[in-house]
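To start, the structure itself, in structure tokens.
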Ligand SMILES: Cc1cc2nc3c(=O)[nH]c(=O)nc-3n(C[C@H](O)[C@H](O)[C@H](O)COP(=O)(O)O)c2cc1C
């Protein structure tokens, strides 16, 4: 066996192609209000991920926490795509000297055996979506919840499953957060921009992904300020499980890492037929975030709440949320 051929990128064109595929796969990543606040720079053996500050939500997300989480998901999607194509890539997060917006550099180092888990993840990257319909009546099985929790922990972030009394507290925090946000005209304008007709083509949340009426749920989902066109049944979310993604440090590097964990957990959930809906309002408002932090006895910093539940039947009418054209997300050279 020619070990050298296996361990060195003998064909740079193949490596460059794999990196291009990785950037393309990252385009499927979920992001706050579908803002897609990232840009890739592709060279022969390297992909660089940059934060796009123009697409941070200044009112909803002034610290950029949710934008960084979104970039972290994109980074993990790219890592999955490289692993699924049989490449080992060195990942440098927040490379020194790159400035605050250079979030990661991926450098293909050598061929590696294709990991079957990454192949499944890659397939699920294209299938995963935010399904805001009520979940079905079957609870998430403990073994599946354990698999999702492990996937998150393997990426250096934590997942706390809320107890029934904590779900009541979450409901109160989410309700408080949405009311205080909705009372701010600047916040309403920002939401209206990303959910209305003036949003950039391929970004924002379309009416097709917003429920046609309020759903029956213990924890209010995002109030998008208007009803959409997503058909919802009269089912109640009472079989839903709520979990909190939290990390050890409340700073950019921790948020990026948590985004990678969010991707790993969400792709694992998708593989098990579990629907995931992020709830970020309780994180966006400081009083609500503090209430969330108290739930984990202040051992870490809350980054995102997720509703997990058995996905309802696939609805062919449920369109995937569109994405920005690749030329707005990927630079060559
Ligand atoms: C960090 C983050 C926060 C989000 N917060 C919410 C939220 O509060 N409510 C909601 O309904 N969706 C939320 N989403 C889901 C996005 O709106 C969704 O990912 C985006 O519109 C793209 O759609 P897709 O996930 O179906 O591809 C969030 C996503 C991310 C990554």
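Numbering (the UniProt record's numbering), first residue to last: 1 to 333. Glycine is no exception: its CB is placed at the ideal position from the N, C-alpha and C atoms. All values derive from a computational prediction rather than experimental measurement.
Coil, strand or helix - residue 118 by DSSP: In the chain shown, residue 118 corresponds to position 118, counting from 1. Three-state result, residue 118: helix.
Identity of the residues DSSP links to residue 224 by a beta bridge: The sequence position of residue 224 within the chain shown is 224, counting from 1. Answer is none; residue 224 lacks a bridge partner.
Whole-angstrom distance between residue 35 and residue 59, CA atom to CA atom: For the purposes of this step, residue 59 is taken as the residue at position 59 of the chain shown. For the purposes of this step, residue 35 is taken as the residue at position 35 of the chain shown. If you take the alpha carbons of residue 59 and residue 35, they lie about 14 Å apart.
Per-residue DSSP class, three states only, for residue 185: Position 185 of the chain shown, counting from 1, holds the residue named residue 185. Of the three classes helix, strand and coil, the one that applies to residue 185 here is helix, per DSSP.
Opening and closing residue of the alpha helix (DSSP H) in which residue 324 lies: Taking the chain shown and counting its residues from 1, one reaches residue 324 at position 324. In this chain, residue 324 is not harboured by any alpha helix (DSSP H), its DSSP state being neither H nor E.
Residue 56, buried or exposed, once every other Cβ within 10 Å from all chains shown has been counted against 16: Along the chain shown, one-based indexing puts residue 56 at 56. Residue 56 comes out buried.
At least 3 beta-carbon pairs within less than 8 Å: the segment 250-258 vs the segment 68-78: The segment 68-78 and the segment 250-258 touch, with three or more beta-carbon pairs separated by less than 8 Å.
heavy atom of ligand 1 below 7 Å from residue 302 C-beta: Here residue 302 is taken as the residue at index 302 of the chain shown, counted from 1. Relative to ligand 1, the beta carbon of residue 302 is positioned no closer than 7 Å to any heavy atom.
Distance between residue 46 and residue 16 (C-alpha atoms, nearest Å): What you label residue 16 is simply residue 16 of the chain shown in a count that begins at 1. What you label residue 46 is simply residue 46 of the chain shown in a count that begins at 1. Rounded to the nearest angstrom, the two C-alpha atoms are 8 Å apart.
Straight-line Cα distance separating residue 333 from residue 111: In the chain shown, counting from the first residue as 1, residue 111 sits at position 111. In the chain shown, counting from the first residue as 1, residue 333 sits at position 333. Taking the Cα positions, residue 111 is about 23 Å away from residue 333.
Rounded C-alpha distance that separates residue 19 from residue 157: Translated into the one-based positions of the chain shown, residue 19 becomes position 19. Translated into the one-based positions of the chain shown, residue 157 becomes position 157. Rounded to whole angstroms, residue 19 to residue 157 spans 26 Å at the Cα level.
Reference residue 276, options 295, 240 and 285, closest by Cα: Taking the first residue of the chain shown as 1, we reach residue 276 at position 276. For residue 276, the nearest C-alpha among the options comes from 240.
Residue 4 versus residue 162 - alpha carbon distance: Position 4 of the chain shown, counted from the start, is the residue given in the question as residue 4. Position 162 of the chain shown, counted from the start, is the residue given in the question as residue 162. Because the pLDDT of residue 4 is 49, which lies under 50, any placement of that residue in the model is unreliable, and the question is left without a value.
Where residue 133 falls, given that 16 or more other Cβ within 10 Å makes a residue buried: For this step, residue 133 is matched to residue 133 along the chain shown. By the neighbour-count rule (16 or more Cβ atoms within 10 Å), residue 133 is buried.
Residue span of the alpha helix (DSSP H) that contains residue 17, given as start and end: Residue 17 sits at position 17 when you count from the first residue of the chain shown. Residues 12-26.
Residue 124 beta carbon near ligand 1 (any heavy atom closer than 7 Å): Position 124 of the chain shown, counted from the first residue, corresponds to residue 124. Proximity of the beta carbon of residue 124 to ligand 1 is not indicated: no heavy atom of the ligand is located closer than 7 Å.
Alpha-carbon spacing of residue 22 relative to residue 44, whole angstroms: Against the chain shown, residue 22 aligns to sequence position 22. Against the chain shown, residue 44 aligns to sequence position 44. If I take the Cα positions, the gap works out to 13 Å.
Exposed unless 16 or more other CB atoms sit within 10 angstroms - verdict on residue 298: Residue numbering aside, residue 298 sits at position 298 when the chain shown is read from its first letter. Answer is exposed; the Cβ neighbour count stays below 16.
Ranges of the beta strand (DSSP E) found wholly within the segment 202-288, counting only runs of at least 3: Within the segment 202-288, the complete beta strand (DSSP E) runs of at least 3 residues are 241-247 and 274-279.
Inside the segment 116-172 only - beta strand (DSSP E) runs reaching at least 3 residues: Fully enclosed beta strand (DSSP E) runs of no fewer than 3 residues occupy 158-161 of the segment 116-172, in order along the chain.
Whole-Å CB distance - residue 309 paired with residue 237, under 8 Å assumed: Taking the first residue of the chain shown as position 1, residue 309 is located at position 309. Taking the first residue of the chain shown as position 1, residue 237 is located at position 237. About 7 Å separates the beta carbon of residue 309 from that of residue 237, a gap short enough to meet the 8 Å contact definition.
Residue 323 versus residue 109: straight-line alpha-carbon distance, rounded: What you label residue 323 is simply residue 323 of the chain shown in a count that begins at 1. What you label residue 109 is simply residue 109 of the chain shown in a count that begins at 1. So the two alpha carbons sit approximately 30 Å from each other.
Identity of the residue in 118, 81, 120 and 117 nearest residue 106 by Cα: In the chain shown, counting from the first residue as 1, residue 106 sits at position 106. Checked all of 118, 81, 120 and 117; the closest Cα to residue 106 is 81.
contact_flag[the segment 220-232, the segment 185-200] where n(CB pairs < 8 Å) is 3 or more: The segment 220-232 makes contact with the segment 185-200: 3 or more CB pairs, one atom from each, lie closer than 8 Å.
Classification of residue 213 by the beta-carbon crowding that lies within 10 angstroms, buried from 16 upward: Counting from one through the chain shown, the residue named residue 213 turns up at place 213. By the neighbour-count criterion, in which 16 or more other beta carbons inside 10 Å mark a residue as buried, residue 213 falls on the exposed side.
Terminal residues of the alpha helix (DSSP H) in which residue 72 lies: Numbered from 1 along the chain shown, position 72 holds the residue referred to as residue 72. 65-84 is the extent of the alpha helix (DSSP H) around residue 72.
Option in 84, 94, 101 and 125 with minimal Cα separation from residue 113: Counting from one through the chain shown, the residue named residue 113 turns up at place 113. Here the closest residue by C-alpha is 84.
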